[in-house]
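With the UniProt record's numbering applied, the sequence shown covers 1 to 283. All residues carry an ideal CB built from backbone N, CA and C; glycine is no exception. Working notes, structure below.
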Amino acid sequence: MEIFYEFEKDMPFLIEDWTPISMVETFHWHTPLEIGYCVSGQGWFYFGDKKYRVQPGDVFVVNNMERHIAQSDPEDPSRYLFIFFDPSIMDQMDKELLLPFIYNPAQFSNQIPAGTRIADELGALFLQFQQEYNERSVGCKSMMRGILLQICSLLLRHYGNNTPRKEMNRVFNSYNKLQPALSLMKEQFREPLELEHIADLLRLSPSRARHLFKETIGEGFKEYLTHLRINEAKRLLITSDLPVLDICLQCGFQSQTPFYRSFRHIVGVSPQQYRDQVTEMSV
C-alpha cells in the first residue's frame, strides 16, 4: 500500500511525531525518503522479511521501494520522529548523499543501534529539526535543509565506510534501471502482468530482468507483484465490507486458491481471520 505525503510549498520535507499501534498493520511504502528516530518506548520495525527490535535512540533508514511498518510493544508503546523528504531537494553537488537510500534490502541493515556515536549525533539533529519545524522562525527552511544535509552526510559516512563505493554505484545504477518497472507495477498490479511485459519495458531479456529485480530490491518479480496485491487486499479487508472473493479478484488474483495461499504465507492468517483481528483491535 502506498502512503502519500503532501509537502508545504517550497518546503520539500516534514517531520512527524508518531506512535504505532501494537498490531502489525499493512506494510506500506511512499515516494519520499524516510529517516526515523525512536524517542521512547519499545517495539519492532519490519522491512520486508527483516525484523528489528526497537529501543529509544535507534535510527532507521527507509528508501522509497522497501515495504515497511513499525509496531509498538503493547506494554511500552514506541514513539518516533520521522523525517520525510523529496530526493529532489539534493542539488547536483549533493547527489551522493542519496546513496545510503539506494540499497539491496537483503544486504542492508536499516537500523543504526542506539548508544552508538552516530545514533546519538543523529538523534540530536532530529530534535533540532523538530524545533525548527515547530517554531517556524525566520530562516527555518534554510536551517532545516542544513540539518537534513548533516543527517544525510552522517548516514553516507556510516554506510559508505561499510560499503565499497564501487558497490554503491552499482546498486545506484541498478535502482535507476529498475524504476520504470516498479512504477508500472504499482499502477497496474491489479491487471495481469508477466515478466515478459516488464522485460520489454526495460529492454532486457526475461532472465536479465528477473536477475535485476533480485539484485536491486532483494526479491523476484513474482514475489514483489504478490506482495503488492496482498498489501492491497489487506487494505480492502480493513477499509471495506467487500466479500473476500471480490477482494481477491480486485487485487489481481485469478482464483481463490493462490490468493488464500499467498495471504496466509505473507500475513500468517487467513483473510477473514485478519479482518476479524483488525475489527477486534478497533473496538
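Query: Under DSSP, the alpha helix (DSSP H) around residue 310 begins and ends at which residues?; Result: In the structure as shown, the chain begins at 1 and stops at 283. Residue 310 is therefore absent and cannot be evaluated.
Query: Is the region 43-56 touching the region 105-120, taking contact as three or more C-beta pairs under 8 Å?; Result: yes
Query: Could you pull the DSSP bridge partners for A70 from this structure?; Result: F45
Query: Take H197 as the anchor and find which of P56, A181 and G160 has the nearest alpha-carbon.; Result: A181
Query: With DSSP collapsed to three states, give me the class of D94.; Result: helix
Query: What does a CB cutoff of less than 6 Å around C152 pick up in its chain, not counting 5 residues either side in sequence?; Result: L97
Query: With H, G and I counted as helix, E and B as strand and the rest as coil, what does DSSP make of V24?; Result: coil
Query: Is the beta carbon of L99 closer than 7 Å to that of N64?; Result: no
Query: Return yes when the Cβ of S22 is within less than 7 Å of the Cβ of R79, no when it is not.; Result: no
Query: Under DSSP, the beta strand (DSSP E) around K51 begins and ends at which residues?; Result: K50 to V54
Query: Determine the direct distance from the alpha carbon of F27 to that of H227, and round the result to whole angstroms.; Result: 9 Å
Query: Tell me, please, which residues DSSP counts as bridged to V61.; Result: I35
Query: Quick check on this structure: which residue in I83, K186 and R235 has the alpha carbon closest to the alpha carbon of F60?; Result: I83
Query: I'd like to confirm the pairing. Which residues does DSSP put opposite Q111 in its beta bridges?; Result: F60
Query: Only counting the same chain, and skipping five residues up and downstream in sequence, which positions put a Cβ closer than 8 Å to that of L156?; Result: E96, L97, L99 and P100
Query: Is it buried or exposed for L208, if we count other Cβ within 10 angstroms and need 16 for buried?; Result: In the sequence under discussion, the amino acid at residue 208 is Arg, which differs from the Leu named in the question. It counts as exposed.
Query: On the premise that L204 lies in contact with L212, defined as a C-beta separation below 8 Å, what is that separation, rounded to the nearest angstrom?; Result: 7 Å
Query: What do you get for Q130, buried or exposed, if any count of 16 or more other CB atoms within 10 angstroms of its CB means buried?; Result: buried
Query: Could you tell me the alpha carbon to alpha carbon distance between P132 and D58, rounded to whole angstroms?; Result: The question names Pro, yet the displayed sequence has Glu at residue 132. Going by the C-alpha atoms only, they are around 22 Å apart.
Query: Short check: CB of L127 to CB of L154, under 7 Å?; Result: no
Query: R203: beta carbon under 6 Å from a heavy atom of the ligand MG?; Result: No copy of the ligand MG appears in this structure; indeed no ligand is present at all.
Query: Could you spell out the range, first to last residue, of the alpha helix (DSSP H) harbouring E135?; Result: R117 to E135
Query: Would a C-beta distance cut-off of 7 Å place L81 and I15 closer than the cut-off?; Result: yes
Query: Whole angstroms are fine: how far does the CA of P77 sit from the CA of P243?; Result: 33 Å
Query: Restricting to Cα atoms, I'd like to know which of D10, P258 and D49 is closest to D86.; Result: D10
Query: Checking 7 Å against the spacing of the C-beta atoms, do V267 and I238 come in under that value?; Result: no
Query: Using the rule of at least 16 other Cβ atoms within 10 Å of the residue's Cβ for burial, across every protein chain shown, is S72 buried or exposed?; Result: buried
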